[in-house]
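Taking it in order: structure first as structure tokens, then the write-up.
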Amino acid sequence: WADAHEGIQPQFLAPYIEPNTHVSVIFTTLTPSITETESLTTNPVTELVALTVPSSLTPDEQKKLNADLIDFRAALTEKLPEDGRPKSWAMGQVERPGTLEHEKSPSGQAVLHLLAVGWESVDVHKAARETEEFKRTIAPIREKAIPSVPPLGMKHVSFRKF
1 WADAHEGIQP QFLAPYIEPN THVSVIFTTL TPSITETESL TTNPVTELVA LTVPSSLTPD
61 EQKKLNADLI DFRAALTEKL PEDGRPKSWA MGQVERPGTL EHEKSPSGQA VLHLLAVGWE
121 SVDVHKAARE TEEFKRTIAP IREKAIPSVP PLGMKHVSFR KF
């Protein structure tokens, strides 16, 4: 894990994953940069979300989506009770591949936004999803989103530093 310009070679993951696991490789520059913080390896659990939207969004729709993502982040990191907030939040648009084929997209192509959100536990994340702040601010994002490209989507992981 690094940034959009370098990273681990998938074959080096073999000792850490189940045999015959398909590894998908994407490149993105997360903000804030994960090279400036160790939050991914210090979070007890990190939620990885590959938010998928049609590539045919207009510039105004893309601008609105970006504003909605910022509002969503602010609601969860600033307005939830402190013990229910994310521990960290990084996000960015996936740069490589720039688009992916997607049958549910009007253009046939989709763009991915990666969110890496640190939580105290999966249960804390699940509880946050039940709050009015979460439901209110995720709604406009879900209106633009299309189903994730398999095998991407939302996953909980625990990163470790070796």
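Residue numbers for the sequence shown follow this note's numbering, so the first one is 1 and each next one is one higher.
For each residue, glycine too, the CB sits at the ideal point set by N, CA and C.
Just so we're clear, the structure is a prediction, and the values are computed from it rather than from any experiment.
For residue i, collect the residues of the same chain with a Cβ closer than 6 Å to its Cβ; drop the 5 residues on either side in sequence, then sort them by chain order.
i	result
Ile26	Val94
Asp3	With a pLDDT of only 47 at Asp3, under 50, the local geometry of the prediction cannot be trusted, and the value read off the model is given with reservation. Thr29.
Leu115	Val49 and Met91
Arg96	Phe27
Pro140	Asp68
For a test of the three-state rule: what should DSSP assign to residue i, helix, strand or coil?
i	result
Arg96	strand
Val149	coil
Phe159	coil
Glu103	coil
Excluding the 5 residues preceding and the 5 following residue i in the sequence, name in chain order all residues of the same chain whose CB lies nearer than 8 Å to its CB.
i	result
Ser56	Ser105, Pro106, Ser107 and Gln109
Gly98	Val111
Ser121	Pro44 and Val45
Gly84	Val124, Ala127, Ala128 and Thr131
Glu61	Lys144
Since residue i and residue j are thought to touch, with beta carbons under 8 Å apart, how far apart are those beta carbons, to the nearest angstrom?
i	j	result
Val53	Lys144	5 Å
Leu51	His113	4 Å
Trp119	Lys79	The Cβ separation is near 16 Å, so there is no contact.
Can you give me the Cβ contacts of residue i inside the same chain, cut-off strictly under 7 Å, excluding the 5 residues immediately before and after it?
i	result
Thr137	Asp71, Phe72 and Ala75
Candidates the options: which alpha carbon is nearest residue i's?
i	options	result
Leu69	Asn20, Glu132, Gly92 and Gly118	Gly92
Ser148	Ser158, Phe134 and Glu101	Glu101
Ser39	Val117, Glu18 and Arg85	Val117
Glu47	Thr37, Lys63 and Asp123	Asp123
Ser158	Glu133, Thr41, Ser33 and Asp60	Thr41
Pro150	Arg142, Phe162, Glu103 and Lys135	Glu103
Pro81	Gln62, Phe134 and Arg96	Phe134
Trp89	Pro15, Lys155, Asn20 and Ser33	Ser33
At least one CB of chain C closer than 8 Å to the CB of residue i: is that the case?
i	result
Ala50	Of the chains in the structure shown, none is chain C; there is only one protein chain.
Could you tell me which whole alpha helix (DSSP H) segments of length 4 or greater appear in the stretch 24-89?
39-42 and 59-74
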